[in-house]
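Notes to accompany the following structure.
In our numbering, the protein residues as written are 757 to 1287.
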């Protein structure tokens, strides 16, 4: 009797995710699992409901985006076109200290503007409640998440610049244990953002000690002037708590810091050789993207957004902020590298995609005065792109065998509520760019190795069971692509352009995208720790 399966993929060059060379194979999918991976003559008689002729194509496990920020955009638009159309089947969210939960007290009130802007009506406090909402939305991709330290601290302490009391520390530990108990896969920090910027190393060690079998991922305290010191702090947290540590978007920011790359790599390698579990991710671009007020000194954030705005409007305090900003950024070219990516007021939308120096000159102001006035006008709600990195250093980082790929982007679509501004092109181009431009064309590594980094290595590092390998019994998350054509098209001028060369994307056994279009949304799942 013929074996019955749901989908039969015939004759693709199969990369299994392990780093081994590809082989021509037939793949059977039954339900949400891979039923078999065999040579052309090894499958026996079968009957398939659907069939894909894959001659001339390659197939591999679905790409895992190890650094995403889709907590809220997936609730607003679960299609996630920017991710699924580039082959991403799973995201790791909750990065940089910001996660979907827990949301209590000031952590909850601070997120109101985000939710209103995306027209999200529901409110929640716990991961359990959030996961139920997300599952009801039926996103196109799988969702895993870290617990954000910023959520823990803001829920207990708020945005005050002070150390926690013993009771507050225990409350944060309890919230963290609850988060991983409900399915979070680890802890993240954003140590340049409030309130994470106010935490000392001891606070982070104590939190990590409460979940030593998980993972700690950090947007470190510095990615430029104090880069080496920031890496050393991360490694100290790992040593003293026993937790595995992960560097979020490893980089050398600012021309004056480009020379630090070899020292940074040396420090990490030495720690790994000493037995510390250390990993990292990176996006394949030389520009970063974050909130524009990241330019300001950290003390200006204390007390929350209203206090920050008050300081910017107080003449004496504003002068002090200006002095510190200019002291840190003495090179006039710095302002040429900052591009406004998103604004809320319609009257200001014309500024999107333009440099801060251009806008300052156009309005007859100095760049710092223009920066302050625009932050006040938009009540701090401004996204920006920062061109501050070296292509040579980028390629060196991408060549590291322990480095994975994270887009550092939320899931967006080509229309609807997430189609706003001029965001970083990494939201639509990261993975085809890494495989097509840097592996195939630049030869920084083999395509086989590139695929290992974005599949099995990522799944193993973040504890995503049954994902990341083309193997019988594993979940059927797959990407079929044309190896000669796969490439990004998104640019800083046109960031919503979909990539080339991705032919089909299968999520949990469902063909979610085909030939550049999402065809069956809703196949994604919430991936909870240990399940």
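All residues carry an ideal CB built from backbone N, CA and C; glycine is no exception.
For residue 1057, the nearest candidate out of 1163, 1084, 948 and 1115 (CA to CA): In this structure, 948 is the residue among 1163, 1084, 948 and 1115 with its C-alpha nearest to the C-alpha of residue 1057.
Going by alpha carbons, who is nearest to residue 1096 out of 788, 1190, 931 and 1123? Just measuring C-alpha positions, the residue of 788, 1190, 931 and 1123 sitting nearest residue 1096 is 1123.
Extract the residue ranges of the alpha helix (DSSP H) inside the region 1002–1089, only unbroken runs of 4 or more that lie entirely within it. Runs found: 1017–1029, 1061–1069 and 1071–1084.
Quick one: what's got a C-beta closer than 7 Å to residue 761's C-beta in the same chain, skipping five residues either side? Around residue 761: 784, 785, 786, 791, 802 and 804.
Between the Cα of residue 1215 and the Cα atoms of 1284, 1165, 1237 and 1023, which residue gives the shortest distance? Residue 1284 is the option with its Cα nearest to residue 1215.
At what residues does the beta strand (DSSP E) containing residue 846 begin and finish? In the DSSP annotation of this structure, the continuous segment of the beta strand (DSSP E) that includes residue 846 starts and ends at 844–849.
Tell me the DSSP secondary structure of residue 766 in three-state form. In the structure shown, residue 766 sits in a strand (DSSP, three-state: E or B).
Measure the Cβ-Cβ separation of residue 843 and residue 1153 and say whether it is below 8 Å. Not closer than 8 Å, so no.
Take residue 1114 as the anchor and find which of 1089, 1133, 920 and 934 has the nearest alpha-carbon. Closest option to residue 1114, Cα to Cα, is 1089.
Which runs of the alpha helix (DSSP H) fall wholly inside the region 1195–1227 and span at least 4 residues, in chain order? Counting whole runs of 4 or more residues, the region 1195–1227 contains the alpha helix (DSSP H) stretches 1203–1210 and 1212–1217.
Let me know if residue 1008 comes out buried or exposed under the rule of 16 or more other beta-carbons within 10 Å of its beta-carbon. Buried, since its Cβ has 16 or more Cβ neighbours within 10 Å.
What did DSSP end up calling residue 996 once you bin it into helix, strand or coil? Helix, per DSSP.
Could you check how far apart the C-beta atoms of residue 902 and residue 828 are, in whole angstroms? I think they sit under 8 Å. With a Cβ gap of about 15 Å, residue 902 and residue 828 do not count as contacting.
Whole-angstrom distance between residue 1032 and residue 1021, CA atom to CA atom: Cα-Cα distance, rounded: 14 Å.
Which residue marks the beginning of the alpha helix (DSSP H) containing residue 1127, and which one marks its end? Boundaries of the alpha helix (DSSP H) around residue 1127: 1123–1133.
Pairing CB atoms from the region 853–862 with CB atoms from the region 832–841, are three or more of them under 8 Å? No: fewer than three Cβ pairs fall under 8 Å.
Rounded C-alpha distance that separates residue 1198 from residue 1204: Rounded to the nearest angstrom, the two C-alpha atoms are 14 Å apart.
Smallest Cα separation from residue 1180: which of 1207, 1094 and 1265? Shortest Cα-Cα distance from residue 1180 to any of 1207, 1094 and 1265 involves 1094.
Hey, residue 1166 and residue 824: beta-carbon distance below 8 Å or not? Residue 824 is positioned such that its CB atom lies closer than 8 Å to that of residue 1166.
6 Å Cβ shell around residue 1253 - same chain, five flanking residues per side excluded: Leaving aside the five residues that flank residue 1253 on each side, the residues in its chain whose CB is nearer than 6 Å to its CB run, in chain order, 1245 and 1246.
Contact set for residue 1206: own chain, Cβ-Cβ below 7 Å, skip 5 residues either direction: Correct list, in chain order: 1190, 1191 and 1195.
If we call anything under 8 Å between Cβ atoms a contact, is residue 898 one with residue 845? Yes.
Apply the 10 Å Cβ neighbour rule to residue 1069 and answer buried if 16 or more other Cβ atoms are within range, or exposed otherwise. Exposed, because fewer than 16 other Cβ atoms sit within 10 Å of the Cβ of residue 1069.
Assumed close pair residue 1105, residue 1134 - CB separation to whole angstroms, cut-off 8 Å: Rounded to whole angstroms, the Cβ separation of residue 1105 and residue 1134 is 11 Å, and the two are not in contact under 8 Å.
Alpha-carbon to alpha-carbon, residue 896 and residue 841: One C-alpha to the other measures close to 10 Å.
How far does the alpha helix (DSSP H) with residue 893 in it reach, from first residue to last? 883–893 is the span of the alpha helix (DSSP H), which, as asked, contains residue 893.
How close, in whole Å, do the beta carbons of residue 943 and residue 1005 come, if the pair is a contact with beta carbons under 8 Å? Not really, about 17 Å apart at Cβ, beyond 8 Å.
So the candidates are 816, 979 and 789; which of them puts its Cα closest to the Cα of residue 768? For residue 768, the closest C-alpha among the options 816, 979 and 789 is that of 816.
Residue(s) in a DSSP beta bridge with residue 1098: Per DSSP, the beta bridge partners of residue 1098 are 1139.
Are there three or more Cβ pairs, one per stretch, closer than 8 Å when the region 1073–1091 is compared with the region 1168–1185? Under the Cβ criterion (8 Å, minimum of three pairs), the region 1073–1091 does not count as touching the region 1168–1185.
Run the CB neighbour count on residue 1050, radius 10 Å, all protein chains shown included, and call it buried at 16 or more, exposed below. Classification of residue 1050: exposed, given that the 10 Å Cβ count is below 16.
Contact belief for residue 1127 with residue 900 at Cβ below 8 Å, rounded distance in angstroms: Rounded to whole angstroms, the Cβ separation of residue 1127 and residue 900 is 36 Å, and the two are not in contact under 8 Å.
Are the region 965–974 and the region 1013–1020 in contact at 8 Å, needing three or more beta carbon pairs? With a cut-off of 8 Å, the region 1013–1020 and the region 965–974 do not count as touching, because too few Cβ pairs lie within range.
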